[in-house]
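First residue of the sequence shown? That's 0 in numbering that gives the first Met the number 0, and the numbers climb one at a time after it. Backbone N, C-alpha and C fix where the C-beta goes; we use that ideal spot for every residue, glycine too. Since the structure comes first, as structure tokens, the remarks are kept for the end.
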Amino acid sequence: MFVIKNITMIYNMDKSEKVYALGGFDLTLPDSGLIGIIGPSGSGKSTLMYCLSTLKKPTEGQIVYNGKELTALSDHEREDLRRNEFGFVFQRHFLVPYMSALDNVVVAAAEYSGKMVEKAKGLLEGFGLGEKEYHKRPAQLSGGQRQRTAIARAMINDPKVLFADEPTAALDHDNAFAVMDVLKDYAGTKLVLVITHDRSILKQADRVIEMWDGNLGGERNGDVI
Ligand SMILES: Nc1ncnc2c1ncn2[C@@H]1O[C@H](COP(=O)(O)OP(=O)(O)OP(=O)(O)O)[C@@H](O)[C@H]1O
Ligand SMILES: [Mg+2]
Numbered sequence: 000m001f002v003i004k005n006i007t008m009i010y011n012m013d014k015s016e017k018v019y020a021l022g023g024f025d026l027t028l029p030d031s032g033l034i035g036i037i038g039p040s041g042s043g044k045s046t047l048m049y050c051l052s053t054l055k056k057p058t059e060g061q062i063v064y065n066g067k068e069l070t071a072l073s074d075h076e077r078e079d080l081r082r083n084e085f086g087f088v089f090q091r092h093f094l095v096p097y098m099s100a101l102d103n104v105v106v107a108a109a110e111y112s113g114k115m116v117e118k119a120k121g122l123l124e125g126f127g128l129g130e131k132e133y134h135k136r137p138a139q140l141s142g143g144q145r146q147r148t149a150i151a152r153a154m155i156n157d158p159k160v161l162f163a164d165e166p167t168a169a170l171d172h173d174n175a176f177a178v179m180d181v182l183k184d185y186a187g188t189k190l191v192l193v194i195t196h197d198r199s200i201l202k203q204a205d206r207v208i209e210m211w212d213g214n215l216g217g218e219r220n221g222d223v224i
């Protein structure tokens, strides 16, 4: 669970052209559920996600994650947290081009073992990639298959929080919905945060957070059209 207080992010602090990316708001996020973050370009969505996932440090404010104040952690502690508890999916899949789909998933496992290979196969299979696809390289897969492989990779260590920044932006609608189904399933027991410009993929969201110019706008529960 995240308890966020007065989160503020100012880029270019040392320059005359300061950018106020997060305007000092409070937010609490639960342990599980699919949370959508929507808002115009430049409204601070990615910045918020980077701060929550410890990739960036806010200029001011507190982010308490399961009792830990994230801004007080050392670099090493933050790396540990990212490795052990967080998973990441981005707009581009960032798969290793010369590795098979299966190896791309297995390589992210905390430890290499036969059990992990089986787990990776299970994840891929659950996302509609069968034996036929395991040994294909990313370039030999469709865009949707590549992105589902990237999600399998992000899930291999059972992260407690899955951060997805525009995971469906490069996909057609059918593939986007297939990816959202996978994320919704995972959100049954874990927290999944999804940034998007596309409201239609958030139909299954438990909550939608709207961002506007570095602040929170209207919030609705579920009934997103
Ligand atoms: N590293 C940076 N240095 C300076 N300004 C930045 C930096 N990263 C982001 N910004 C600025 O901060 C603001 C918020 O950016 P952010 O990337 O969080 O927006 P976003 O909502 O994710 O936008 P998009 O939908 O286009 O991805 C924007 O004005 C952006 O130009
Ligand atoms: Mg962004």
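Spatial neighbours of Leu69 in its chain, beta-carbon cut-off 6 Å, leaving aside the 5 residues before and after: Around Leu69: Thr53, Ile62.
Ile194 CB to nearest heavy atom of ligand 1 below 8 Å: Answer for Ile194: yes, Cβ within range of ligand 1.
Contact the stretch 141-150 vs the stretch 89-96: 3+ CB pairs below 8 Å: Proximity of the stretch 141-150 to the stretch 89-96 meets the contact definition, three or more beta-carbon pairs being nearer than 8 Å.
Inter-residue spacing [alpha-carbon to alpha-carbon] between Met262 and Glu16: Absent from the model: residue 262. The displayed extent of the chain is 0 to 224, so no value can be given.
Identified DSSP bridge partners for Ala108: Beta-bridge pairing links Ala108 to no other residue.
heavy atom of ligand 1 below 8 Å from Asn214 C-beta: It does not: the Cβ of Asn214 is nowhere closer than 8 Å to a heavy atom of ligand 1.
Beta-bridge pairing of Gly35 - partner residues as DSSP gives them: Answer by DSSP bridge pairing, in chain order: Val193, Val207.
Span of the beta strand (DSSP E) around Phe162: Residues 160-164.
Cβ-based burial, Asp164 [other Cβ within 10 Å; buried from 16]: Classification for Asp164: buried.
Pick from Cys50, Gly60, Pro158 that is closest to Asn266, judged by C-alpha positions: Look at the range of the chain in this structure, 0 to 224, and you will see that residue 266 is not part of it.
Proximity below 9 Å, CB of Ser45 to CB of His196: Their beta carbons are not under 9 Å apart, which means Ser45 does not touch His196 by this criterion.
Three-way DSSP call (helix, strand, coil) for Tyr185 in this model: Secondary structure at Tyr185: helix, using DSSP grouped into helix, strand and coil.
Where Gln139 sits in the DSSP three-state scheme: DSSP places Gln139 in helix when its eight states are reduced to three.
Check: Glu227 C-beta below 8 Å from any heavy atom of ligand 1: No statement about residue 227 is possible, as the shown extent of the chain runs from 0 to 224 and does not include it.
Of the listed residues Glu76, Tyr185, Ala71, nearest to Asp205 (C-alpha basis): The residue with the shortest Cα to Cα distance from Asp205 is Tyr185.
Proximity to Leu123 [Cα-Cα], best of Arg145, Gly113, Ala138: The candidate whose alpha carbon is nearest that of Leu123 is Arg145.
Contacting residues, own chain, Cβ-Cβ under 8 Å from Gly216 (five flanking each side not counted): For Gly216, where only same-chain residues beyond five positions count, the Cβ hits under 8 Å are Gly38, Glu209, Met210.
Contact between the stretch 171-183 and the stretch 5-14 (3+ Cβ pairs under 8 Å): Touching, no, given that fewer than three Cβ pairs across the two stretches are closer than 8 Å.
Coil, strand or helix - Leu215 by DSSP: Taken through DSSP and simplified to helix, strand or coil, Leu215 comes out as strand.
For Thr27, the residue or residues it bridges with in DSSP: Looking at the DSSP output, Thr27 shares a beta bridge with Val2.
The beta strand (DSSP E) enclosing Val88, as first and last residue numbers: It spans 85-88 - the beta strand (DSSP E) in which Val88 sits, taken as one unbroken run.
Ser73 CB to nearest heavy atom of ligand 2 below 8 Å: Not a single heavy atom of ligand 2 lies less than 8 Å from the C-beta of Ser73.
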